[in-house]
Amino acid sequence: MLDINLVRENPEVVREALRKRQMDPSPVDAVLEVDTRRRAALSEVEALKAQRNATSTEISKMKDAAARQEKIDAMRELGERISRLDQAYKQMEAEQLAIVQIIPNIPHADVPLGMDDHDNPVIQVYGKPREFAFTPKPHWDLGPDLGIIDFEQGIKLTGSRFYVLSGAGARLQRALIAWMLDLHIRQGYTEKYTPFMVKSDVLLASGQLPKFKDNLYHDVEEDYWMVPTAEVPLTGIHMGDFIEEAALPFNYTAYTPCFRREKMSAGRDVRGIKRGHQFDKVEMYKYCRPEDSMAELQKMVQDAGQTCADLGLHYRMIQQCTGDLGFNGMIAYDLEVWAPGCGEWLEVSSISNVGDFQARRANIKYRPADGGKPRFVHTLNGSGLGLPRTLIAVLETYQQSDGSIQIPDVLKPWMGGIDRITK
RNA sequence: GGAGGGGUGGCCGAGCGGCCUAAGGCGCUUGUCUUGAAAACAAGUGUGGGGCAACCCACCGUGGGUUCGAAUCCCACCUCCUCCGCCA
Numbered sequence: 026m027l028d029i030n031l032v033r034e035n036p037e038v039v040r041e042a043l044r045k046r047q048m049d050p051s052p053v054d055a056v057l058e059v060d061t062r063r064r065a066a067l068s069e070v071e072a073l074k075a076q077r078n079a080t081s082t083e084i085s086k087m088k089d090a091a092a093r094q095e096k097i098d099a100m101r102e103l104g105e106r107i108s109r110l111d112q113a114y115k116q117m118e119a120e121q122l123a124i125v126q127i128i129p130n131i132p133h134a135d136v137p138l139g140m141d142d143h144d145n146p147v148i149q150v151y152g153k154p155r156e157f158a159f160t161p162k163p164h165w166d167l168g169p170d171l172g173i174i175d176f177e178q179g180i181k182l183t184g185s186r187f188y189v190l191s192g193a194g195a196r197l198q199r200a201l202i203a204w205m206l207d208l209h210i211r212q213g214y215t216e217k218y219t220p221f222m223v224k225s226d227v228l229l230a231s232g233q234l235p236k237f238k239d240n241l242y243h244d245v246e247e248d249y250w251m252v253p254t255a256e257v258p259l260t261g262i263h264m265g266d267f268i269e270e271a272a273l274p275f276n277y278t279a280y281t282p283c284f285r286r287e288k289m290s291a292g293r294d295v296r297g298i299k300r301g302h303q304f305d306k307v308e309m310y311k312y313c314r315p316e317d318s319m320a321e322l323q324k325m326v327q328d329a330g331q332t333c334a335d336l337g338l339h340y341r342m343i344q345q346c347t348g349d350l351g352f353n354g355m356i357a358y359d360l361e362v363w364a365p366g367c368g369e370w371l372e373v374s375s376i377s378n379v380g381d382f383q384a385r386r387a388n389i390k391y392r393p394a395d396g397g398k399p400r401f402v403h404t405l406n407g408s409g410l411g412l413p414r415t416l417i418a419v420l421e422t423y424q425q426s427d428g429s430i431q432i433p434d435v436l437k438p439w440m441g442g443i444d445r446i447t448k
């Protein structure tokens, strides 16, 4: 959420940010209009409250019963007026919040201009694609042939876009999760195991609500929401907290399943396990001082990249342009791994510096060591990495001419002594 | 699920209709003293908002209510602790 003072004092900056994102800038004017009305109402009701407070003190000191009663009668009417105005004020406040909450973050000056994901520049390409002496197969053929991915069983259990991993396939995914978590721990992150269902406050704090309600699963009975990413609970952990400056930065990593209704992507990527309603992910998350967040972003990009590199995958880093930048993000990079079987770059990580955007929503502050005013922390999040897609790249990259899959060296300790998946 | 007891500033903790403008302590900042540090002493120090400012308003788990006036009384909910019941 943006600072209302920023919108009020520099409305053109916010309008320009929306235009760069290929969005309509008119919410800015709507906010300014409500804000003006809201503050006028606030001044009015506060003046009345000041009067009430002063008179109440007077009443408490009055000895003469008749005069006292007269004052009390006069105040009764004032009380009713305050109550009506207060209600009107709350309405305006809610109206303003509703608009401010759907305005996205302001892109950092370093974010390249662009219309959509086609304009995302490729920053760097790492490694080379593996050379095959045969035609590499896509994972939707490899998996069922080896009996490690079963699409029919997933459909039987839940429906389309669900699948069952079996035997060495399930184990390989678990190996990836365990190995990634251990890698991030070595990189200095603290592992967290969090609830996979959260209250709506937490989704408001992390920026998923109210805007992305349609992409979330919600248990109406208990008002629990299934997390769409570990970013949500990792933001919520410190909701409302005051942090001492010396304690920063916090570096967290967590494995969670992620649940997404994917209404907006219905009909896309229907083949294979690339896009499902349930997938696994290992996430990295940082809380830091504002002046450190750009450097921390670079570190996180490296930490995520390390994951791809150690797995021996061919991958590239692209930067999200203004038209593709996520709602919360100020600046973001994506990592994509090459899947030689299906012949496409798969997004396995998106690493964002969201600045104080989530911290303001979540009210997460730190007290500067010099004793100055509390400030909002900056938060960053990045996948390290998204699972089914990493699994796809591993299966397709390490496939052999006989249809078997070699196990990448780093994962062998978790695979019970096997170095290859065969029929 | 049932019964009882709690949730107060960065932290601990008192207050249970109007001098609460929330005691006291810890922590923090500054000063005195000291070669320096510690200790001691003194002063300051909650958060958010409105106003050019003086100043004003709100906030004592959350939301309602009673009252001229609520941290304080009433109702609902959340949450923690103790006990009972039920269950992996």
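Mind the numbering: the first sequence is residues 26 to 448 in my numbering, read in order.
Just so you know, even glycine gets a beta-carbon here, dropped at the ideal spot from N, CA and C.
Quantities reported herein were computed from a predicted structural model and do not represent experimental measurements.
On the criterion of 16 or more Cβ atoms from any shown chain inside 10 Å, does residue 140 qualify as buried, or is it exposed? exposed
DSSP-derived helix/strand/coil call for residue 278: Residue 278 carries a strand assignment under DSSP once its states are collapsed to helix, strand and coil.
Please list the segments of the beta strand (DSSP E) lying wholly inside the region 329 to 369, counting only runs of 3 or more residues, in order along the chain. Complete beta strand (DSSP E) runs here, min 3: 340 to 344 and 356 to 364.
Buried or exposed: residue 412, going by 16 or more other Cβ atoms within 10 Å of its Cβ? Residue 412 counts as buried, since at least 16 other C-beta atoms from the protein chains shown sit within 10 angstroms of its C-beta.
State the CB to CB distance for the pair residue 279 and residue 324, rounded to an integer number of angstroms; the pair is presumed to be in contact (CB under 8 Å). Actually they are not in contact, since the Cβ atoms of residue 279 and residue 324 sit about 18 Å apart, beyond 8 Å.
Can you check whether the CB of residue 120 is closer than 8 Å to the CB of residue 521? With the chain covering only 26 through 448, there is no way to say anything about residue 521.
Enclosing alpha helix (DSSP H) for residue 415 [first to last residue]: 412 to 422
Pairwise C-alpha distance: residue 82 and residue 101: 15 Å
Out of 376, 372 and 366, which one is the CA nearest neighbour of residue 166? Relative to the Cα of residue 166, the nearest Cα in the group 376, 372 and 366 belongs to 366.
Alpha carbon to alpha carbon, how far is residue 128 from residue 52? Give it in angstroms, no decimals. Between residue 52 and residue 128, the C-alpha separation is close to 7 Å.
Endpoints, the alpha helix (DSSP H) within which residue 303 is located: It is not in any alpha helix (DSSP H) - residue 303 instead sits in the beta strand (DSSP E) that spans 303 to 313.
My parser needs the alpha helix (DSSP H) runs of 4 or more residues fully inside the region 47 to 97; what are they? Runs found: 51 to 86.
Closer than 7 Å by C-beta to residue 234: which residues in its own chain qualify, once you throw out the five before and the five after it? Chain order, please. 225 and 228
Return helix, strand or coil for residue 186, following the three-state DSSP convention. In this structure, residue 186 counts as coil in the three-state DSSP scheme.
Exposed or buried, residue 375, counting other C-beta atoms within 10 Å across all chains shown (16 or more means buried)? buried
Enumerate in chain order the residues of its own chain whose CB-to-CB distance from residue 249 is below 6 Å, with the five nearest sequence positions on each side excluded. 222
Check this for me: beta carbons of residue 448 and residue 171, under 8 Å apart or not? yes
At the level of alpha carbons, what is the spacing between residue 110 and residue 388? 27 Å
Run the CB neighbour count on residue 63, radius 10 Å, all protein chains shown included, and call it buried at 16 or more, exposed below. buried
Three-state secondary structure (DSSP) at residue 405? Note: residue 405 maps to strand in three-state DSSP.
Confirm, please, whether the CB-CB distance from residue 298 to residue 188 is below 8 Å. Going by C-beta atoms, residue 188 is nearer than 8 Å to residue 298.
Between which two residues does the alpha helix (DSSP H) carrying residue 41 extend? 36 to 45
Just to confirm, are residue 132 and residue 236 a CB contact at a threshold of 8 Å? No.
CB-CB length for residue 444 against residue 431, believed under 8 Å: 7 Å
Cβ pair residue 364, residue 320 closer than 8 Å: At the C-beta level, residue 364 and residue 320 stay beyond 8 Å of one another.
With distance defined between alpha-carbon atoms, name the residue in 33, 125, 358 and 36 nearest to residue 408. 358
Rounded to a whole number of angstroms, what is the C-alpha to C-alpha distance between residue 348 and residue 108? 45 Å
Buried or exposed (CB count within 10 angstroms, at least 16 for buried), residue 98: exposed
Would you say residue 268 and residue 391 are within 8 Å of each other, going by their C-beta atoms? yes
Residues bridged to residue 372 (per DSSP): Paired residues: 361.
By Cβ distance below 8 Å, which residues in the same chain neighbour residue 429 in space, the five residues on each side in sequence not counted? Closer than 8 Å at the Cβ level, and outside the excluded window around residue 429, lie 171, 445, 446, 447 and 448.
Consult DSSP for residue 244 and reduce its assignment to one of helix, strand or coil. strand
Check each candidate in 344, 201, 57 and 168 and name the one with the smallest Cα separation from residue 449. Because residue 449 is not part of the residues shown, which for the chain are 26 to 448, the question remains open.
Nonlocal neighbours in the same chain, by C-beta distance under 7 Å from residue 138, ignoring five residues either side: 45, 346 and 347.
Do you know offhand how far residue 93's Cα is from residue 40's? 55 Å
Alpha carbon to alpha carbon, what distance is there between residue 196 and residue 214? 24 Å
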